[in-house]
Amino acid sequence: MNVAISIASTDSDGRVFLTWTPVEGTARLIDGPGAGQTVKVQLQNAGTVGKIVFDVVRSDKGTPTLQLDLPGDGSPIRFWVAGEFQQPSQNFGDAVLQVVDATSSATLSSTPLMVRIRKNANSLTDAERDRFLNAFGNLNGQGTGRFTDFRNMHTGPTLGESHNNWGFLPWHRCYLLDLERQLQGIDPTVTLPYWQWDNPAPQILALAFMGLPNSINRVQFTPGHPFNQWKTEGQLGIVRGTGFPPTQAPGLKSEAATLALGNGVFTIFGLPFQPPQQGGIEGLPHGTAHTSYGSGYIINPASAPRDPMFFLLHDNVDRLWAKWQWYYKRTKDTDPNAFYNGAPVRVGHNLGDTMWPWNNAKIPPRPNTAPGGPMPSSAITTAPGPTPTVRSMLDYQGVNGGAHLGFDYDDVPFELPAPAVA
Amino acid sequence: MNVDDYRKAFTAEMEKQRQTAAPSAPAALAAQDKAADAPDPLAAAIATFRDSSQPAGARQTALRNVQTATFAGPGFDRYRSSFRDALRAVAEDKNEELRTQALEMLAIDKDEVAQQLLLRGLQNPGQALVSTAKAVQLLAHDDHGAAVPIAQRILKGDYDLDAKEEALRALASDPGSTGLFADILADRSQPQQLRSLSASGLRAVDPQRFTQLAQRIIADDRENDEVRTNALGALDHLQGLSTKLNSDFADKLSKLDLTGKSDDLRAAATRFLQARTPK
Amino acid sequence: MSAAAKTAETAEIAATVVAIRHAPSRREELVALLAEQSPIYRGLSAGEAERLRGFILASFEKTGLPPSALPFVREELQTGINPYTVAAAAKALRRTSEISDDIFALLVAAAERIAGNDDNVQYETIDPVDRVTRRTGALTEIIRTIAASGPRARPLWAAIDAMAARGNVSAEGMMAIDLARQALSSQPNAPCCCTAEPPPLVLPAQSPAARDVSDLALEDQSGATFKYRDFLYGRPSVVTFFYTRCMNPEKCSLTVSKLAALQRGLAGTELGSRINVGAFTYDPTYDHARRLQIYGMERGFRFDDHNRFIRTVGSFAPLQAKFDLGVGFGATTVNRHSVELLILDAEGEPVRQFRRVQWDETEVVAAVREIARPRSAPEQANPQSAIASS
Chain A
1 MNVAISIAST DSDGRVFLTW TPVEGTARLI DGPGAGQTVK VQLQNAGTVG
51 KIVFDVVRSD KGTPTLQLDL PGDGSPIRFW VAGEFQQPSQ NFGDAVLQVV
101 DATSSATLSS TPLMVRIRKN ANSLTDAERD RFLNAFGNLN GQGTGRFTDF
151 RNMHTGPTLG ESHNNWGFLP WHRCYLLDLE RQLQGIDPTV TLPYWQWDNP
201 APQILALAFM GLPNSINRVQ FTPGHPFNQW KTEGQLGIVR GTGFPPTQAP
251 GLKSEAATLA LGNGVFTIFG LPFQPPQQGG IEGLPHGTAH TSYGSGYIIN
301 PASAPRDPMF FLLHDNVDRL WAKWQWYYKR TKDTDPNAFY NGAPVRVGHN
351 LGDTMWPWNN AKIPPRPNTA PGGPMPSSAI TTAPGPTPTV RSMLDYQGVN
401 GGAHLGFDYD DVPFELPAPA VA
Chain B
423 MNVDDYRKAF TAEMEKQRQT AAPSAPAALA AQDKAADAPD PLAAAIATFR
473 DSSQPAGARQ TALRNVQTAT FAGPGFDRYR SSFRDALRAV AEDKNEELRT
523 QALEMLAIDK DEVAQQLLLR GLQNPGQALV STAKAVQLLA HDDHGAAVPI
573 AQRILKGDYD LDAKEEALRA LASDPGSTGL FADILADRSQ PQQLRSLSAS
623 GLRAVDPQRF TQLAQRIIAD DRENDEVRTN ALGALDHLQG LSTKLNSDFA
673 DKLSKLDLTG KSDDLRAAAT RFLQARTPK
Chain C
702 MSAAAKTAET AEIAATVVAI RHAPSRREEL VALLAEQSPI YRGLSAGEAE
752 RLRGFILASF EKTGLPPSAL PFVREELQTG INPYTVAAAA KALRRTSEIS
802 DDIFALLVAA AERIAGNDDN VQYETIDPVD RVTRRTGALT EIIRTIAASG
852 PRARPLWAAI DAMAARGNVS AEGMMAIDLA RQALSSQPNA PCCCTAEPPP
902 LVLPAQSPAA RDVSDLALED QSGATFKYRD FLYGRPSVVT FFYTRCMNPE
952 KCSLTVSKLA ALQRGLAGTE LGSRINVGAF TYDPTYDHAR RLQIYGMERG
1002 FRFDDHNRFI RTVGSFAPLQ AKFDLGVGFG ATTVNRHSVE LLILDAEGEP
1052 VRQFRRVQWD ETEVVAAVRE IARPRSAPEQ ANPQSAIASS
């Protein structure tokens, strides 16, 4: 007798990837004792690194074990499973959903899986870092890979789609999600890590990871590093300044200060950057994070994506927004404090608007080409669909009941809504 | 930690921030700039940056503020032409750091003024605003510019290693440099940095020739470890290009004795083989 | 030619241009210098070619704009992204007494484009490092041209007002808009003029012997090699020109995207099954097969035996000469090119052209439908009469 486990977030190769967001699963007996009888089983962790939690309902109170009475005739019983907050995997298979007979303790099934979470890039293991770099280098393809589309989505003429307006945060969330899904198409164990600039990041700003510039700002890497082949616009390599030593933080607005902006009101936190006013997060610390390097591709919005560090920077911006959303409970699109809900602004920045380039819109004021095509699908979720809207980027965890977007941050938990923080 | 405890802990952190921080209302970008009281602090910051009579520190702060403002995208458009002019003025500034930063911002933008100044400096060293290596690097940001013939000249001449490295990078997409890349890659008397860059260049312009040469180098125990590692790294990510790896190359690689060789070489070989092991 | 010699040559050309500014009867000589393939641009970087071109275009403000120069001005307003050259094109129109409605629309679109990439420009000297001559904003120059048309510009003024209201225009540009608004408000309305005639579609006859490329060796995006006649003989073709490292998204990237859209429109139709659709790269040594394939795929183009992206295996020069293509070359690659689409007959000869315009897919389809229609016996006997009568 054994138990067949089926979990919603399973890819076409049968691999299960979890985030902090609970997903449905079923358990049923194979070769059970037959109708009219039940077998008590226990679902539990058997992994060495990643940990999971269970519940019989969709909740944020999952427990490390769950006992179920499985019908002897093989009828499925539903349960919910999620990654245990702050216990992510480092590789596929280091989290295991084990089912044991509650009476005999015999193992009835083992399902390897991965609690796949976006992490602080400074804390990655060497293996995690190298898998990420390998996938990213592959995506760049020495200038001939799909990465060119990501570069072309963020050029001077296209900045109106993604900056200086309310859609800054949702657009970049969508952009990063697209990139991450492309990376996962190369290696499904990879997620996009973030550069947390509050603290020194000597593991990131190192030859083995994002490189270190020489005296003329040419970023150097270890021999064999995938970014030795990094090419954009026909040019080999990356230029980036040393605005601050790797052993120090760049001295930007702190996480707490950033999240305190507006005290939970999006129209202050996400206020578009309109110089000389600094706006919300778009101005500080996002803008100052870019310019903290002093020189190179990353200090100019039109050239910034040519440096892969750009994506770690923006992942942190997105993490800050995610944390703000969690802390102030601002995930409902009908909540006027969760997003701008006023008179319509430029197309692409209103809640109901689809976003360029995924919508293939090419009539002015949109740019006249739309690189990259529709949003790629995910093996583990149906959201956001091929033409995401601004709205679809808000509730990325599905706390209000919809489908989640398939990512989570290591320090932003899944928490079901209660009355919003005043 | 359960989510309730986590929230409690984070709320305590936020409360601490609330008690110690200044009001969170948006402030003028150049608040620390003494021009903050000006009618347009950003225009004042551009003026400060441009003004060579100002202290270097004040000019750097002003520059940083303006650079940050560029991330407003269309919100910066009305300052763009005056900032460009300021960068061009500072491109010949006596302060080396500011001058180099200005030239770099302009060059990445393919600015013609910056290009002309750099070219004049290469033609007449007395007018050089940056090192030869930096000038080549900056000119190479425009692949429709003059970098390629200059890079070819530098590789033939008596220039430092940095300059030659930048020259090779400038040629990285030049199909006319196929022979040059192959010659340098095959030449053990060349510095490993130049050979490694040549591997990347050859891979781009002639993947077939690169594959043949790279396989030979990787399999040769007398070869420099770094060159072997970089060649292997360059070979590893060829995708969809019309090349054929010798069918026994992976087998040959797996049988190489890499004892005593660099960690990077051994790691690159392991990665290469793992990627080609059937799952 | 050395860099110093090139600079000296460009200075000489600029001096000639300045001389012509004071001798308006010679203005047609300037038009001849606007063709991208003119020897004056050979070996120049893209920036240098743009500067020289803009310097020439701006001269028409002094000499008046001959009709032969209008296609160049229109193309620059429609597809240009360099503020120096676009502003020069706007200045070229200042002494034109009747600007057509489509040119007005292009001026406004150019203003929108340049507002995001403004720069200060001057056209008295050609030296980019000239720090003495007073400069004006490129956007300001465009606004001034629009305003110089007086009340005829009024219907388009809402777009300029909207641009100003967004707050993204420089102080100098805002002053130009305010001045123009004040001037416009005090003038009575004026009637619109007719839309200008589109450029001619029928090509002049060429001597086939002088332009025989039937044996020209080509390679497509799959790496297959063949001769010109193998692909382009036997059925009519729609061909356009591009290169993958084109810096102007209003040109090659848009052209290829539109070609893909045209292809989609023809897919499954009877006409689509009787023609070729192709794109030639201007940059054959750089644009190898894989690059061609990726570029097309990324823009939605579908490849098969009758739908290809192509490079010449050897020199591009014979093809450029055959089609008199508007492309110039610097030290390593294209320095400037026009937007051009040709329709070839079943002998691979150009019979229709769309040059210096962002061509419309429906117009191209209509033109190729006419070329591809089955011919009557008399028309088969006399192909030229078939073309002349269509």
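Protein chains in written order, with my numbering: chain A, 1 to 422; chain B, 423 to 701; chain C, 702 to 1091.
For each residue, glycine too, the CB sits at the ideal point set by N, CA and C.
Any Cβ of chain C within less than 7 Å of the Cβ of Val570 (chain B)? yes
Buried versus exposed, by CB contacts within 10 Å (16 or more), Pro772 (chain C): buried
Reduced DSSP secondary structure (H/G/I, E/B, other) of Pro448 (chain B): Bear in mind that the predicted position of Pro448 (chain B) carries a pLDDT of just 38, short of 50, making it too unreliable to give a figure here.
Going by alpha carbons, who is nearest to Asp395 (chain A) out of A:Pro388, A:Leu405, A:Thr387, A:Pro386? A:Leu405
Count the other C-beta atoms from every protein chain shown that fall within 10 angstroms of the C-beta of Asp916 (chain C), then say buried if there are 16 or more, exposed otherwise. exposed
What in chain A is Cβ-close to Gly874 (chain C), meaning under 8 Å? Per Cβ cutoff of 8 Å: no residues; Gly874 (chain C) is ~17 Å from chain A at best.
Indicate whether the contact test is met: 3 or more Cβ pairs, each with one atom in the stretch 993–1007 of chain C and one in the stretch 1020–1037 of chain C, closer than 8 Å. no
Option in A:Lys323, A:Gly348, A:Cys174 with minimal Cα separation from Ala338 (chain A): A:Lys323
Three-state class that DSSP yields for Gly373 (chain A) in the structure shown: coil
Beta-carbon spacing of Ala788 (chain C), Ala839 (chain C) below 7 Å: yes
Taking the beta strand (DSSP E) that Asp921 (chain C) belongs to, which residues open and close that run? 918–921
Would you call the stretch 578–588 of chain B and the stretch 259–269 of chain A in contact, with 3 or more CB pairs under 8 Å? no
Can you tell me where the beta strand (DSSP E) holding His349 (chain A) begins and where it ends? Taken as a continuous stretch (DSSP letters only), His349 (chain A) belongs to no beta strand (DSSP E), as it is neither H nor E.
Contact set between Pro371 (chain A) and chain C, taken where Cβ atoms lie within less than 9 Å: Ser954, Glu999, Arg1000
Please work out which residues of its chain come closer than 7 Å, Cβ to Cβ, to Gly655 (chain B), disregarding the five sequence neighbours upstream and downstream, and give them in chain order. Ala690
What's the call for Gly662 (chain B), buried or exposed, on a 16-neighbour Cβ count within 10 Å? With a pLDDT of only 44 at Gly662 (chain B), under the threshold of 50, the placement of this residue in the model should not be trusted; the figure read from the coordinates follows. Label assigned to Gly662 (chain B): exposed.
Taking C-beta pairs closer than 9 Å, name the residues in chain C that Asp149 (chain A) reaches, listed in chain order. Glu999
Out of A:Ala256, A:Phe17, A:Thr111, A:Thr191, which one is the CA nearest neighbour of Thr442 (chain B)? A:Ala256
When the Cα atoms are used, what is the spatial distance from Ala420 (chain A) to Gln439 (chain B)? Model confidence at Ala420 (chain A) stands at a pLDDT of 48, short of 50, so the residue's coordinates are unreliable and nothing is read from them.
Can you tell which of A:Phe407, A:Tyr194, A:Gln235, A:Arg330 has its C-alpha closest to the C-alpha of Asn400 (chain A)? A:Arg330
What does the Cβ neighbour count give for Leu880 (chain C), buried or exposed, with the cut at 16 atoms within 10 Å? exposed
Ordered along the chain, which non-local residues of its own chain (more than five positions away) have a Cβ less than 6 Å from that of Phe671 (chain B)? Gln637
Is Gly1027 (chain C) close to chain B, meaning its C-beta is less than 7 Å from at least one C-beta of that chain? no
Any C-beta of chain B within less than 7 Å: which residues of the stretch 820–831 of chain C qualify? Asp820, Asn821, Pro829, Val830
Take Ala4 (chain A) and list the residues in its own chain whose beta-carbon comes closer than 6 Å to its own, dropping the five residues that flank it on each side. Arg28, Ile30
Examine the Cβ distances between the stretch 480–495 of chain B and the stretch 857–865 of chain C and report whether three or more of them are shorter than 8 Å. no
What residues match up with Ile30 (chain A) in a beta bridge as DSSP calls it? A:Asn2
Would you list the one or two residues that DSSP bridges to Ile7 (chain A)? A:Gly25
Cutting at 6 Å between CB atoms, please list the residues of its own chain near Gly296 (chain A), excluding the five before and the five after it. Asn217, Val239, Arg240, Gly241
For Gln630 (chain B) and chain C, any beta-carbon pair shorter than 7 Å? no
Should the stretch 534–547 of chain B be called in touch with the stretch 515–522 of chain B, which here means at least 3 C-beta pairs below 8 Å? no
Taking Cβ-Cβ distances shorter than 7 Å, what residues in chain A pair up with Ile530 (chain B)? Tyr297, Asn300, Ser303
Could you spell out where the alpha helix (DSSP H) holding Phe310 (chain A) opens and where it closes? 309–328
Taking 7 Å as the threshold (beta carbon to beta carbon), is Asp643 (chain B) in contact with chain A? no
With respect to the beta strand (DSSP E) encompassing Thr780 (chain C), which residues constitute its N-terminal and C-terminal limits? Note, Thr780 (chain C): premise wrong, no beta strand (DSSP E); alpha helix (DSSP H) at 771–780.
Taking C-alpha atoms, which residue in C:Asp913, C:Asp831, C:Ala854, C:Val822 lies nearest to Thr841 (chain C)? C:Val822
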